[in-house]
Amino acid sequence: MAVCFLVLAIGGLILWVLVSELSSGGGKDDKIQDVPGMEVRVRKITVDDLPAKQIEVKGPFPLQAYNETVGFVVSVFDNTDDKLHPVLSVVEAFQEPYTLAYDSRVKVGEVLPGTGLHPLTPIGLFIPNIMLGPHGGHREFLVVVRLVDVHTKVIIVNGRVLEGKDGVYWTGTCGFTCSLGKRGYIEFHQRRRELRSVIIRLAAAVAVADGYLEAGEIQVIRQKIEKWVEKAESAYDGLGETQREESYKAIVAHALNDAMADQIDTDALLNRLRHEEDQKLWYEILELCFDVMAADGIADVDELGLLREIGDASEIDARDIEKLRDRKIIDLKNTNTVKTPIEELLGIAPDWDPATIKCHLRKEYRKWNSRLNTVSEGKARQNAQNMLNIIGEAYKDYTSSENS
Numbered sequence: 000m001a002v003c004f005l006v007l008a009i010g011g012l013i014l015w016v017l018v019s020e021l022s023s024g025g026g027k028d029d030k031i032q033d034v035p036g037m038e039v040r041v042r043k044i045t046v047d048d049l050p051a052k053q054i055e056v057k058g059p060f061p062l063q064a065y066n067e068t069v070g071f072v073v074s075v076f077d078n079t080d081d082k083l084h085p086v087l088s089v090v091e092a093f094q095e096p097y098t099l100a101y102d103s104r105v106k107v108g109e110v111l112p113g114t115g116l117h118p119l120t121p122i123g124l125f126i127p128n129i130m131l132g133p134h135g136g137h138r139e140f141l142v143v144v145r146l147v148d149v150h151t152k153v154i155i156v157n158g159r160v161l162e163g164k165d166g167v168y169w170t171g172t173c174g175f176t177c178s179l180g181k182r183g184y185i186e187f188h189q190r191r192r193e194l195r196s197v198i199i200r201l202a203a204a205v206a207v208a209d210g211y212l213e214a215g216e217i218q219v220i221r222q223k224i225e226k227w228v229e230k231a232e233s234a235y236d237g238l239g240e241t242q243r244e245e246s247y248k249a250i251v252a253h254a255l256n257d258a259m260a261d262q263i264d265t266d267a268l269l270n271r272l273r274h275e276e277d278q279k280l281w282y283e284i285l286e287l288c289f290d291v292m293a294a295d296g297i298a299d300v301d302e303l304g305l306l307r308e309i310g311d312a313s314e315i316d317a318r319d320i321e322k323l324r325d326r327k328i329i330d331l332k333n334t335n336t337v338k339t340p341i342e343e344l345l346g347i348a349p350d351w352d353p354a355t356i357k358c359h360l361r362k363e364y365r366k367w368n369s370r371l372n373t374v375s376e377g378k379a380r381q382n383a384q385n386m387l388n389i390i391g392e393a394y395k396d397y398t399s400s401e402n403s
């Protein structure tokens with residue numbers, strides 16, 4: 000897409016960016032009041048064959064802006080349901096510095112007394128194709144234009160002024176309607192929360208696969224939930240902070256209770272996820288489940304068996320899964336306590352012939368020997384040595400059985 004931002008000409012007009020801070024939005028909002036004087040208009044235009052809205056202003060500059068260096072900041076809200084929800088941009092050039100909310104800024108320069116903008120002058124560009132609203136379909140939007148002092152720390156986050164209100168000399172608004180796609184970010188996050196519920200249920204199934212639920216396994220799952228809640232993107236899920244936290248806590252509690260009652264159908268969960276094309280989702284699932292497996296310091300045969308099923312369903316390259324598994328094994332308390340058949344631990348398939356098995360074991364030995372020489376003293380080094388011992392014993396056993 001060739002268009003990323005608007006270059007305008009109002010004398011020496013240039014693009015200008017203010018420093019902003021991250022914060023959540025949504026919910027009821029105090030009304031944004033127009034200030035008499037200048038006025039805002041929204042005009043339909045086409046940019047690179049894409050439909051767009053050009054935001055324009057005209058009129059005299061306010062008295063308090065005289066002899067000050069000023070600029071315009073444009074924000075856009077969806078106000079269809081009488082609540083102000085920020086519109087997000089998928090293009091960084093149209094985002095607030097530290098949020099995804101739409102933001103368009105231009106610097107005017109020093110305002111001379113008695114001057115203004117005549118006729119209507121473009122000060123912002125809104126391209127629906129690169130914007131995301133709270134809901135899909137045809138919606139009503141509110142443009143908010145602020146004239147601000149560029150030397151005052153005016154902090155605008157998710158379209159709202161959090162600090163530096165004294166540096167805002169004028170505010171104007173104008174409404175328009177358009178469509179921003181079939182689905183909005185609230186629906187997107189609702190669906191993501193549903194997928195994360197599936198992830199947590201799989202992790203819970205891995206946690207109790209050995210017949211026990213350890214405190215460390217619960218802690219790993221809770222830490223994952225905390226990361227999801229803290230992510231900046233969560234601010235746009237349509238929930239308040241408390242609601243969001245309680246929602247995820249309920250997901251964890253329900254998953255753990257069902258896992259302990261053996262009421263989690265892992266086959267159904269994996270079938271549900273097979274329709275997802277996002278490979279990053281599968282990596283997230285596998286990493287969490289391997290972390291849960293390693294939380295009690297023991298690699299159990301049933302845990303590794305379920306992890307193998309998840310890996311097969313993911314269609315991720317087996318070598319990538321093996322690398323992930325090895326990273327977790329090396330962090331176990333002690334590989335001597337591994338409660339797993341050698342074949343399961345070393346990735347030996349049941350249908351392999353002795354020659355294939357020995358070839359695989361030689362590769363495994365070289366791999367773990369290399370790791371032994373790169374890890375520092377301590378648990379990781381001891382585990383690498385233990386793995387070498389296990390591989391050596393397995394190779395000896397297969398050689399003996401082949402010769403007998």
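Counting along the sequence shown from 1, when you hit position 87 you're at 86 in numbering that gives the first Met the number 0, and nothing is skipped either side. No residue lacks a Cβ here, since even glycine has one placed at the ideal position from N, Cα and C.
Under the assumption that residue i contacts residue j (Cβ atoms under 8 Å), give the Cβ distance between them as a whole number of angstroms.
i	j	result
residue 55	residue 119	4 Å
residue 269	residue 308	7 Å
residue 123	residue 73	4 Å
residue 69	residue 110	6 Å
residue 188	residue 236	4 Å
residue 67	residue 165	Going by Cβ atoms, the distance from residue 67 to residue 165 rounds to 12 Å, so no, they are not a contact pair.
residue 167	residue 71	Actually they do not touch by this definition, with Cβ atoms about 11 Å apart.
residue 283	residue 198	7 Å
residue 390	residue 360	6 Å
residue 295	residue 240	Contact doesn't hold; Cβ gap of about 32 Å is too wide.
residue 289	residue 323	6 Å
Which residues does DSSP list as the beta-bridge partners of residue i?
i	result
residue 130	88
residue 141	76 and 174
residue 38	57
residue 116	58
residue 45	50
residue 70	106 and 147
residue 100	87
Once DSSP output is grouped into helix, strand and coil, what is the label at residue i?
i	result
residue 395	helix
residue 274	coil
residue 123	strand
residue 94	strand
residue 389	helix
residue 335	Confidence at residue 335 is low in this model, with a pLDDT of 44, below 50, so its placement is unreliable and the value that follows should be read with caution. The answer is helix: DSSP assigns residue 335 an H, G or I state.
residue 25	Its pLDDT being 40, under 50, residue 25 is placed unreliably in this model, and the value from its coordinates should be taken loosely. Of the three classes helix, strand and coil, the one that applies to residue 25 here is coil, per DSSP.
residue 83	coil
residue 281	helix
residue 153	coil
residue 51	strand
residue 311	helix
residue 111	coil
residue 263	coil
residue 364	helix
residue 146	strand
residue 373	coil
residue 349	coil
residue 136	coil
residue 316	coil
residue 20	Because residue 20 sits at a pLDDT of 27, beneath the cut-off of 50, its placement in the model cannot be relied upon, and the point is left open.
Indicate whether at least one CB of chain C lies closer than 8 Å to the CB of residue i.
i	result
residue 190	No chain C is present in this structure, which holds just one protein chain.
Smallest Cα separation from residue i: which of the options?
i	options	result
residue 169	85, 138, 365 and 65	65
residue 220	239, 237, 248 and 208	248
residue 108	85, 39, 293 and 150	150
residue 62	112, 292 and 52	112
residue 185	302, 85, 390 and 46	85
residue 204	281, 301 and 286	301
residue 78	217, 364, 174 and 179	174
residue 42	135, 121, 253 and 103	121
residue 142	158, 172 and 163	172
residue 411	324, 243, 158 and 38	The question about residue 411 has no answer here: the residues shown for the chain are numbered 0 through 403.
residue 312	97, 201 and 163	201
residue 51	260, 387, 130 and 92	130
residue 326	286, 306, 157 and 356	286
residue 125	252, 211, 87 and 261	87
residue 114	58, 387, 183 and 365	58
residue 128	222, 350, 196 and 177	177
residue 134	83, 195 and 304	83
residue 293	257, 81 and 218	218
residue 152	163, 146 and 158	163
residue 156	95, 355, 191 and 396	95
residue 183	116, 89 and 348	89
residue 353	276, 393 and 264	393
residue 195	272, 358 and 99	272
message: If we require 3 or more residues per run, which beta strand (DSSP E) segments fall completely within the stretch 206–254?
response: Within the stretch 206–254, no complete beta strand (DSSP E) run reaches 3 residues.
message: Please give the ranges of any beta strand (DSSP E) in the stretch 158–204, keeping only runs that are unbroken, at least 3 residues long and fully inside the region.
response: Secondary structure within the stretch 158–204: the beta strand (DSSP E) runs of 3 or more consecutive residues, fully enclosed, are 159–162 and 167–178 (chain order).
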